[in-house]
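Asker: Numbering (this note's numbering), first residue to last: 23 to 366.
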Ligand SMILES: NC(=O)c1ccc[n+]([C@@H]2O[C@H](COP(=O)([O-])OP(=O)(O)OC[C@H]3O[C@@H](n4cnc5c(N)ncnc54)[C@H](O)[C@@H]3O)[C@@H](O)[C@H]2O)c1
């Protein structure tokens, strides 16, 4: 297979993981990079040996022949950049959060559909191998039909030193982290009918909420709780592990801290350590996230080759994004929110 030619837009904190992962994928390579900050362009260009460097996206699109672009900028630039890619008929990956509002996200999906270009949101958490392992247990039928789930991410890790912008936005934990955990809930238990939310801000030094608790009714009839906190100090810091409890008609799944998976089901109880691999370029504690970056980028290349829709396509991600919008509006009104009403 001929290697796909990609360009990366946004050479910041997280893009370095994406660049490492692209280097591990034989069927694709990054041939050009773009960042409006010349210093970030220099650092990433030098680190990964990329000579074609642009500070202006329009200039890059005009000069390069590309098979895809990978957008790793922060949210405010996502819509114009995705629409620019669509106008050039270039398949596009966009980092989460997909857009500032659900209306923007819907417009981006429409722009790519009209242009006939694939669009994937870099919603990588469901690609972590422990999360995939939980999904595989559900698919095996071992615990029967799930009726309850708790998907939990509680930590006191200092995310603000690497990503200072997280301390300044009016929206914080749901938009930045909860979006991943809500997506995992959808991935494991299916689409959501209604959501009820409560939020709090415990850390006085930040602008947004750092605690969120969400109760969801899934279309399948299952109920789940998604709870997220960056204000939870524990004896052993679990960042960035997502902990999972699922109860089914024939058993239970528990993904506990330290990647311990306990399954009690039709064939008894098994306990396994399902720690993710530490890739050569990865570093603890981020390694489960770094592993998922490689997995989602591989998935993108497979989808481009086969014409399959990515699991976290733009259209799919609207259903996760709607949960984010529902959580904010529901926390403000203290009323349950119907998700279908948002997706109309
Ligand atoms: N999926 C994950 O696990 C994960 C983890 C961390 C961050 N993220 C997401 O990745 C995105 C980037 O986050 P970050 O922490 O790396 O941010 P960052 O601020 O470190 O990097 C963003 C870079 O994009 C550049 N940029 C912004 N607008 C641009 C434009 N219009 N044209 C060219 N360059 C532009 C900036 O100069 C900066 O270098 C965010 O949306 C964030 O939510 C995802």
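Note that the Cβ used here is the ideal one computed from N, Cα and C, for glycine as well.
1. Start and end of the alpha helix (DSSP H) containing residue 341?
2. Less than 8 Å between the C-beta atoms of residue 201 and residue 248, yes or no?
3. So, for residue 365: in the same chain, excluding its five sequence neighbours on each side, which residues have a beta-carbon less than 6 Å away from its beta-carbon?
4. Identify whether residue 52 lies in helix, strand or coil by the three-state DSSP scheme.
5. Report the partner residues of residue 264 according to the DSSP bridge assignment.
6. Below 8 Å between beta carbons: does that hold for residue 252 and residue 139?
7. In terms of residue numbering, what span does the alpha helix (DSSP H) encompassing residue 295 cover?
8. Helix, strand or coil for residue 117, going by three-state DSSP, please let me know.
9. Can you have a look at residue 61 and say buried or exposed, based on whether 16 or more other CB atoms are within 10 angstroms of its CB?
10. Tell me the rounded alpha-carbon separation between residue 42 and residue 303.
11. Note down the Cα distance separating residue 359 from residue 218, rounded to an integer number of angstroms.
12. Hey, could you find the ends of the beta strand (DSSP E) residue 242 is sitting in?
13. Kindly list the residues whose CB is nearer than 8 Å to the CB of residue 44, restricted to its own chain and excluding five residues on each side of it in sequence; keep chain order.
14. Considering residue 172, what are the terminal residues of the beta strand (DSSP E) in which it resides?
15. Hey, could you find the ends of the alpha helix (DSSP H) residue 309 is sitting in?
16. Cutting at 7 Å between CB atoms, please list the residues of its own chain near residue 254, excluding the five before and the five after it.
17. Comparing the CB of residue 91 with every heavy atom of ligand 1, is any distance shorter than 7 Å?
18. Between residue 150 and residue 298, which are expected to be in contact by the criterion C-beta below 8 Å, what is the C-beta distance as a whole number of angstroms?
19. Apply the 10 Å Cβ neighbour rule to residue 207 and answer buried if 16 or more other Cβ atoms are within range, or exposed otherwise.
20. For residue 87, does the count of other Cβ atoms within 10 angstroms reach 16, so buried, or fall short, so exposed?
21. Among 169, 167 and 96, whose alpha-carbon lies nearest the alpha-carbon of residue 367?
22. Can you find the residues in the same chain that come closer than 6 Å, C-beta to C-beta, to residue 267, ignoring five residues on each side of it along the sequence?
23. Verify the contact flag: residue 99, CB atom, against every heavy atom of ligand 2, threshold strictly below 7 Å.
24. Contact between the segment 154 to 164 and the segment 214 to 229: three or more CB pairs below 8 Å?
25. Does the distance from the CB of residue 82 to the CB of residue 109 come in under 8 Å?
26. State the Cα-Cα distance for the pair residue 155 and residue 235, rounded to the nearest angstrom.
27. Give the secondary structure of residue 180 by DSSP, where H, G and I count as helix, E and B as strand, and everything else as coil.
28. On the CB-based measure, 16 or more other CB atoms within 10 Å of its CB, does residue 241 come out buried or exposed?
29. Would DSSP call residue 34 helix, strand or coil?
30. Residue 121 and residue 101 - do their beta-carbons sit closer together than 8 Å?
31. Comparing C-alpha positions only, which one of 146, 237, 98 and 185 sits nearest to residue 209?
32. What do you reckon, are the CB atoms on residue 142 and residue 334 nearer than 8 Å?
33. Quick check on the burial criterion: 16 or more other C-beta atoms within 10 angstroms. Buried or exposed for residue 352?
34. How many angstroms separate the CA atom of residue 35 from the CA atom of residue 66?
35. Excluding five sequence neighbours on each side, which residues of the same chain lie with their C-beta closer than 7 Å to the C-beta of residue 199?
36. Closer than 7 Å to a non-hydrogen atom of ligand 1 - does that hold for the CB of residue 119?
Answerer: So, from the listed chains and residues:
1. Indexing the chain shown from 1 puts residue 341 at position 319. Element bounds for residue 341: 336 to 355.
2. Numbered from 1 along the chain shown, position 179 holds the residue referred to as residue 201. Numbered from 1 along the chain shown, position 226 holds the residue referred to as residue 248. Their beta carbons are not under 8 Å apart, which means residue 201 does not touch residue 248 by this criterion.
3. For the purposes of this step, residue 365 is taken as the residue at position 343 of the chain shown. Closer than 6 Å at the Cβ level, and outside the excluded window around residue 365, lie 344.
4. Indexing the chain shown from 1 puts residue 52 at position 30. Note: residue 52 maps to strand in three-state DSSP.
5. Taking the chain shown and counting its residues from 1, the one referred to as residue 264 is at position 242. According to DSSP, which records beta bridges pairwise, residue 264 is partnered with nothing at all.
6. Here residue 252 refers to the residue found at position 230 of the chain shown. Here residue 139 refers to the residue found at position 117 of the chain shown. No, the Cβ-Cβ distance between residue 252 and residue 139 is not below 8 Å.
7. Here residue 295 corresponds to residue number 273 of the chain shown, with the count starting at 1. From DSSP, residue 295 is part of no alpha helix (DSSP H) but of the beta strand (DSSP E) over 290 to 295.
8. Numbered from its first residue, the chain shown carries residue 117 at position 95. Strand, per DSSP.
9. To locate residue 61, count along the chain shown from 1; it is residue 39. Result: exposed.
10. Position 20 of the chain shown, counted from the first residue, corresponds to residue 42. Position 281 of the chain shown, counted from the first residue, corresponds to residue 303. Each residue's alpha carbon lies about 7 Å from the other.
11. Position 337 of the chain shown, counted from the first residue, corresponds to residue 359. Position 196 of the chain shown, counted from the first residue, corresponds to residue 218. C-alpha separation (whole angstroms): 6 Å.
12. For this step, residue 242 is matched to residue 220 along the chain shown. From DSSP, residue 242 is part of no beta strand (DSSP E); its letter is neither H nor E.
13. Taking the first residue of the chain shown as position 1, residue 44 is located at position 22. Closer than 8 Å at the Cβ level, and outside the excluded window around residue 44, lie 28, 30, 50, 51, 52, 92 and 319.
14. The sequence position of residue 172 within the chain shown is 150, counting from 1. Residue 172 -> beta strand (DSSP E) spans 168 to 176.
15. Indexing the chain shown from 1 puts residue 309 at position 287. From DSSP, the alpha helix (DSSP H) with residue 309 extends over 309 to 328.
16. Position 232 of the chain shown, counted from the start, is the residue given in the question as residue 254. So the list reads 176, 177 and 178, once near-sequence residues are dropped.
17. By 1-based counting over the chain shown, the position of residue 91 is 69. Incorrect: residue 91 has no Cβ contact closer than 7 Å to ligand 1.
18. Taking the first residue of the chain shown as 1, we reach residue 150 at position 128. Taking the first residue of the chain shown as 1, we reach residue 298 at position 276. Right, the Cβ-Cβ distance comes to about 6 Å (below 8 Å), so this counts as a contact.
19. The residue given as residue 207 occupies position 185 in the chain shown. Residue 207 should be labelled buried.
20. The residue you call residue 87 lines up with position 65 of the chain shown. By the neighbour-count rule (16 or more Cβ atoms within 10 Å), residue 87 is not buried but exposed.
21. This structure does not reach residue 367, given that the chain is present from 23 up to 366, and the question cannot be answered.
22. In the chain shown, the residue the question calls residue 267 occupies position 245. Result list for residue 267: 172 and 276, in chain order.
23. Ligands in the displayed structure: ligand 1; ligand 2 is not one of them.
24. no
25. Position 60 of the chain shown, counting from 1, holds the residue named residue 82. Position 87 of the chain shown, counting from 1, holds the residue named residue 109. The answer is no: Cβ separation not under 8 Å.
26. To locate residue 155, count along the chain shown from 1; it is residue 133. To locate residue 235, count along the chain shown from 1; it is residue 213. Going by the C-alpha atoms only, they are around 25 Å apart.
27. For the purposes of this step, residue 180 is identified with residue 158 of the chain shown, where counting begins at 1. In this structure, residue 180 counts as coil in the three-state DSSP scheme.
28. Working through the chain shown from its first residue, we reach residue 241 at position 219. Under this definition residue 241 is an exposed residue.
29. Taking the chain shown and counting its residues from 1, one reaches residue 34 at position 12. Correct three-state label for residue 34: coil.
30. Taking the chain shown and counting its residues from 1, one reaches residue 101 at position 79. Taking the chain shown and counting its residues from 1, one reaches residue 121 at position 99. For residue 101 and residue 121, yes; Cβs fall inside 8 Å.
31. The sequence position of residue 209 within the chain shown is 187, counting from 1. Per the Cα distances, 146.
32. Along the chain shown, read from residue 1 onward, the residue named residue 142 stands at position 120. Along the chain shown, read from residue 1 onward, the residue named residue 334 stands at position 312. In this structure, residue 334 lies closer than 8 Å to residue 142 by Cβ.
33. Residue numbering aside, residue 352 sits at position 330 when the chain shown is read from its first letter. With 16 or more other Cβ atoms within 10 Å, it is buried.
34. Along the chain shown, one-based indexing puts residue 35 at 13. Along the chain shown, one-based indexing puts residue 66 at 44. Taking the straight line joining both Cα atoms gives about 10 Å.
35. Taking the chain shown and counting its residues from 1, the one referred to as residue 199 is at position 177. So the qualifying residues of the chain are 175 and 250.
36. On the chain shown, residue 119 is found 97 positions in, with the first residue counted as 1. Yes; taking the cut-off as 7 Å, the Cβ of residue 119 has a heavy atom of ligand 1 nearer than that.
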